[in-house]
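Trainee:
Protein chains in written order, with my numbering: chain Y, 34 to 128; chain X, 11 to 500.
1. Among the residues of its own chain, which have a CB less than 7 Å from the CB of residue 306 of chain X, if the five just before and after it don't count?
2. So does the segment 80-87 of chain Y actually touch the segment 46-60 of chain Y, counting three or more Cβ pairs closer than 8 Å?
3. In whole angstroms, what separates the C-alpha of residue 70 of chain X from that of residue 132 of chain X?
4. Check whether the segment 351-364 of chain X touches the segment 335-343 of chain X, counting contact only when three or more Cβ pairs, one atom from each stretch, lie closer than 8 Å.
5. If I measure Cβ to Cβ from residue 39 of chain X and keep anything under 6 Å in the same chain, skipping five residues before and after, which residues do I get?
6. When burial is assigned at 16 or more other CB atoms within 10 Å of the CB, is residue 247 of chain X buried or exposed?
7. Determine, using beta carbons only, whether residue 85 of chain Y comes closer than 9 Å to chain X.
8. Taking beta-carbon pairs under 7 Å, can you tell me which members of the segment 329-351 of chain X lie near chain Y?
9. Nearest to residue 412 of chain X by CA position, among X:190, X:360, X:24, is which residue?
10. Could you give the distance in angstroms between the alpha-carbon of residue 163 of chain X and the alpha-carbon of residue 363 of chain X?
11. Where does the unbroken alpha helix (DSSP H) through residue 124 of chain Y begin, and where does it stop?
12. Output yes or no for whether 9 Å exceeds the beta carbon distance between residue 231 of chain X and residue 262 of chain X.
13. Would you mind telling me which residues of chain X sit closer than 9 Å to residue 5 of chain Y, beta carbon to beta carbon, in chain order?
14. Quick one: list the residues of chain X neighbouring residue 124 of chain Y, beta-carbon separation under 7 Å, in chain order.
15. Are residue 63 of chain Y and residue 324 of chain X close, meaning C-beta to C-beta below 9 Å?
16. Find the nearest neighbour of residue 111 of chain X within the set X:121, X:91, X:127, judged by alpha-carbon distance.
17. Whose Cβ in chain Y lies nearer than 9 Å to the Cβ of residue 5 of chain X?
18. Does DSSP put residue 290 of chain X in a helix, a strand or coil?
19. Which partner residues does residue 55 of chain X have in the DSSP bridge list?
20. Do you know whose CA, among X:235, X:148, X:451, lies nearest residue 20 of chain X's CA?
21. Would a check of beta-carbon distances place residue 105 of chain Y closer than 9 Å to chain X?
22. Mind pulling the beta strand (DSSP E) runs of 3 or more residues that sit fully within the segment 419-471 of chain X?
23. In whole angstroms, give me the CA-to-CA distance for residue 470 of chain X and residue 204 of chain X.
24. Kindly give me the distance between the Cβ atoms of residue 102 of chain X and residue 135 of chain X, rounded to whole angstroms, as I take these residues to be in contact under 8 Å.
25. DSSP three-state label for residue 49 of chain X, please.
26. With a threshold of 6 Å on Cβ separation, who are the neighbours of residue 113 of chain Y within its own chain once the five nearest residues in sequence on each side are excluded?
27. Counting only runs of 3+ residues fully inside the segment 144-213 of chain X, write out the beta strand (DSSP E) ranges in chain order.
28. Based on the DSSP output, what are the partners of residue 312 of chain X in its beta bridges?
29. Should the segment 168-185 of chain X be called in touch with the segment 72-87 of chain X, which here means at least 3 C-beta pairs below 8 Å?
30. Please state whether DSSP places residue 321 of chain X in a helix, a strand or coil.
31. Between which two residues does the beta strand (DSSP E) harbouring residue 271 of chain X extend?
32. Using beta carbons (cut-off 9 Å, strictly below), is residue 36 of chain Y in contact with chain X?
33. Grab the span of the alpha helix (DSSP H) containing residue 413 of chain X for me, first residue to last.
34. Below 6 Å CB to CB, which residues in the same chain sit around residue 43 of chain X once its five sequence neighbours on both sides are set aside?
35. Does the pairing of the segment 391-410 of chain X with the segment 481-490 of chain X give three or more beta-carbon distances under 8 Å?
36. Quick one: grab the DSSP three-state call for residue 266 of chain X.
Structure (structure tokens):
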């Protein structure tokens, strides 16, 4: 077992998710199945091998600092679940 | 031949010559949708009113004597993870089921400039995570060749729509095979372009270093036509490549004489269905007959590709999907008493189980203490997978493999039972995304009435050789002309 139900609970919390008690055993089992399979990577000698973060040669793409039109304020709010005074409304953040 | 079964290039000629109007064509395709959609389930959203208005506009242009673009007035379908301004874009997820984009994806803007027609948005695995379209929150999509079977995925709706005559062309996206595998399962053509060929701006991000948009069509010529419109650098996507876009239709020549085609031995080993292999080997014989030179090559790190992908893609997804917090758009749990609780409950109720599994897998492999063992290791193995291809392409011009080790299989929710077994079936398509290479799937035969797809893999930015090799095979065979029966016991 790579991860226990307690670990899965912790990972869920980091991911801002909840796994129900009913789902937990199967979820943990499948999680372990995938992580166990990942052990085959340990057979590969990667000493001195650079990681590939992107297949492209990464470089900064710059442009002239000229103002451009972005998404309009009212457009940005169009899909908001709740709006208050031209802003996104959320429940209380600090108790 | 029915209008809805025709190709883009045939219809373009009829439109330009005024033998057919775009309104007539668009209505014919919607009639077909009315007739078969209940059986197939390809669409999440239809947009008939706007489509017919756009068709009338194109008809007016033609009547005024204008020369129209190859895709003008020809109705296509768009995968539901590609942003269409004013038209609901859900990623087949509960968390986005009310989301109406306020801007167009780059590819959509390009297609609008060419005066094409959007029929609607197609069903997919939720956030493109899956190979069967079964993880969709919206509906099931059925395979047009056997309604009891999956259409493949994640672009299952886009591929099924082409096979069932519910669209003339479509767009999919491909992170680990999501264009090529459903194309293969549905007996149609699908291309994943070189990473960077097509802007990802407005394609809802899954795994940013792997995602690429591409066409699904009835033949190779149509795929080249759609590519011409969607490729090109875009200031909104810093990973889009500042390279010239050739006229891909110029590559459509019947000529593979002397072309060196590599057969990677790892793609023909155990795990490949014997009947699929048989069809692929017949295609190899055909290529020999046509004058190509067949060379056996090796891609030794193939066996590590699947798990490497299932570390890298979830890691990127866990970061990309962090934006669904219930604050600015998407589903929100209204009962939550605090903002953190609101985010947690919105995500828990808004995401399906496959998406949760991948977010958590990604979070785990990036978490402190496991980063080196999983994520960094996978990134290093990715380098080795790329080098395998570099080595092979020193000896050959293209690689030939089965697109999938199997044909479309029965819909039975296997993904929920045994995710790993389904993941393993992606072994033939995943390495291509890992290396950022272009790949195409074309129909090459049938086993037990189900289509088999042939995958060709090209060098980076060499879609032209890929298209030429695919076109030559297609013109020498009839597999792309077969019509799906829409049979089965559903």
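Think of the CB as a built atom: it goes at the ideal place given N, C-alpha and C, for glycine as much as any other residue.
Mentor: According to the structure data:
1. Mapped onto the second chain, residue 306 of chain X falls at position 296. In chain order, 273, 275 place their CB closer than 7 Å to the CB of residue 306 of chain X, counting only its own chain and leaving out the 5 sequence neighbours on each side.
2. Under the 8 Å Cβ criterion, the segment 80-87 of chain Y does not count as touching the segment 46-60 of chain Y, having fewer than three qualifying pairs.
3. For the purposes of this step, residue 70 of chain X is identified with residue 60 of the second chain, where counting begins at 1. For the purposes of this step, residue 132 of chain X is identified with residue 122 of the second chain, where counting begins at 1. Going from the Cα of residue 70 of chain X to the Cα of residue 132 of chain X covers about 28 Å.
4. In this structure the segment 351-364 of chain X touches the segment 335-343 of chain X; the number of beta carbon pairs closer than 8 Å is three or more.
5. Sequence index remark: in the second chain, residue 39 of chain X carries index 29 (1-based). Closer than 6 Å at Cβ, skipping near neighbours: 14, 85.
6. Taking the second chain and counting its residues from 1, one reaches residue 247 of chain X at position 237. Answer is buried; the Cβ neighbour count reaches 16.
7. Walking along the first chain from the start, residue 85 of chain Y turns up at place 52. By this cut-off, residue 85 of chain Y is an interface position.
8. For the segment 329-351 of chain X, which is checked against every Cβ of chain Y, the residues closer than 7 Å are 336, 337, 338, 339, 342, 346, 347, 348, 349.
9. Position 402 of the second chain, counting from 1, holds the residue named residue 412 of chain X. Of the candidates X:190, X:360, X:24, X:190 places its Cα closest to the Cα of residue 412 of chain X.
10. Residue 163 of chain X sits at position 153 when you count from the first residue of the second chain. Residue 363 of chain X sits at position 353 when you count from the first residue of the second chain. Distance between the alpha carbons of residue 163 of chain X and residue 363 of chain X: 17 Å.
11. Taking the first residue of the first chain as position 1, residue 124 of chain Y is located at position 91. Secondary structure note for residue 124 of chain Y: it is in no alpha helix (DSSP H), with a DSSP letter that is neither H nor E.
12. What you label residue 231 of chain X is simply residue 221 of the second chain in a count that begins at 1. What you label residue 262 of chain X is simply residue 252 of the second chain in a count that begins at 1. Note that the C-beta distance between residue 231 of chain X and residue 262 of chain X is below 9 Å.
13. The question about residue 5 of chain Y has no answer, for chain Y in this structure spans 34 to 128.
14. Walking along the first chain from the start, residue 124 of chain Y turns up at place 91. Simply 346, 347, 348, 349, 352.
15. Translated into positions along the first chain, residue 63 of chain Y becomes position 30. Translated into positions along the second chain, residue 324 of chain X becomes position 314. No, the Cβ-Cβ distance between residue 63 of chain Y and residue 324 of chain X is not below 9 Å.
16. Residue numbering aside, residue 111 of chain X sits at position 101 when the second chain is read from its first letter. Scanning X:121, X:91, X:127 for the CA closest to the CA of residue 111 of chain X turns up X:91.
17. In the structure as shown, chain X begins at 11 and stops at 500. Residue 5 of chain X is therefore absent and cannot be evaluated.
18. For the purposes of this step, residue 290 of chain X is taken as the residue at position 280 of the second chain. In this structure, residue 290 of chain X counts as helix in the three-state DSSP scheme.
19. Taking the first residue of the second chain as 1, we reach residue 55 of chain X at position 45. In the DSSP output, where bridge partners are listed per residue, residue 55 of chain X has X:131.
20. On the second chain, position 10 is the one that residue 20 of chain X refers to. Closest in C-alpha terms to residue 20 of chain X, from the list X:235, X:148, X:451, comes X:235.
21. Here residue 105 of chain Y is taken as the residue at index 72 of the first chain, counted from 1. So, interface residue.
22. Those beta strand (DSSP E) runs which fall completely within the segment 419-471 of chain X and span 3+ residues are 449-457, 460-468.
23. Position 460 of the second chain holds residue 470 of chain X. Position 194 of the second chain holds residue 204 of chain X. Taking C-alpha positions only, residue 470 of chain X is separated from residue 204 of chain X by approximately 6 Å.
24. Locating residue 102 of chain X in the second chain gives position 92, where the first residue counts as 1. Locating residue 135 of chain X in the second chain gives position 125, where the first residue counts as 1. With 8 Å as the limit, residue 102 of chain X and residue 135 of chain X qualify as a contact, their Cβ atoms being about 7 Å apart.
25. Locating residue 49 of chain X in the second chain gives position 39, counting from the first residue. If DSSP states are grouped into helix, strand and coil, residue 49 of chain X belongs with the helices.
26. Within the first chain, residue 113 of chain Y is the residue found at index 80, counting from 1. Cβ neighbours of residue 113 of chain Y beyond the five flanking positions: 121.
27. Whole beta strand (DSSP E) segments, 3+ residues: 179-183, 199-202.
28. Start at 1 with the first residue of the second chain, and residue 312 of chain X comes out as number 302. For residue 312 of chain X, no pairing in a beta bridge is given by DSSP.
29. With the cut-off at 8 Å, the segment 168-185 of chain X and the segment 72-87 of chain X touch.
30. Your numbering for residue 321 of chain X matches position 311 in the second chain. The answer is helix: DSSP assigns residue 321 of chain X an H, G or I state.
31. The residue given as residue 271 of chain X occupies position 261 in the second chain. Its beta strand (DSSP E) spans residues 270-274.
32. As a first step, residue 36 of chain Y is located in the first chain; it is residue number 3 there, counting from the start. Residue 36 of chain Y counts as touching chain X.
33. Here residue 413 of chain X refers to the residue found at position 403 of the second chain. From DSSP, residue 413 of chain X is part of no alpha helix (DSSP H); its letter is neither H nor E.
34. Working through the second chain from its first residue, we reach residue 43 of chain X at position 33. Residues of the same chain with a CB within less than 6 Å of the CB of residue 43 of chain X, apart from the 5 flanking positions on each side, are 176 in chain order.
35. Taking a contact to require three or more Cβ pairs closer than 8 Å, the segment 391-410 of chain X and the segment 481-490 of chain X do not qualify as touching.
36. Here residue 266 of chain X refers to the residue found at position 256 when the second chain is read from its first residue. Note: residue 266 of chain X maps to coil in three-state DSSP.
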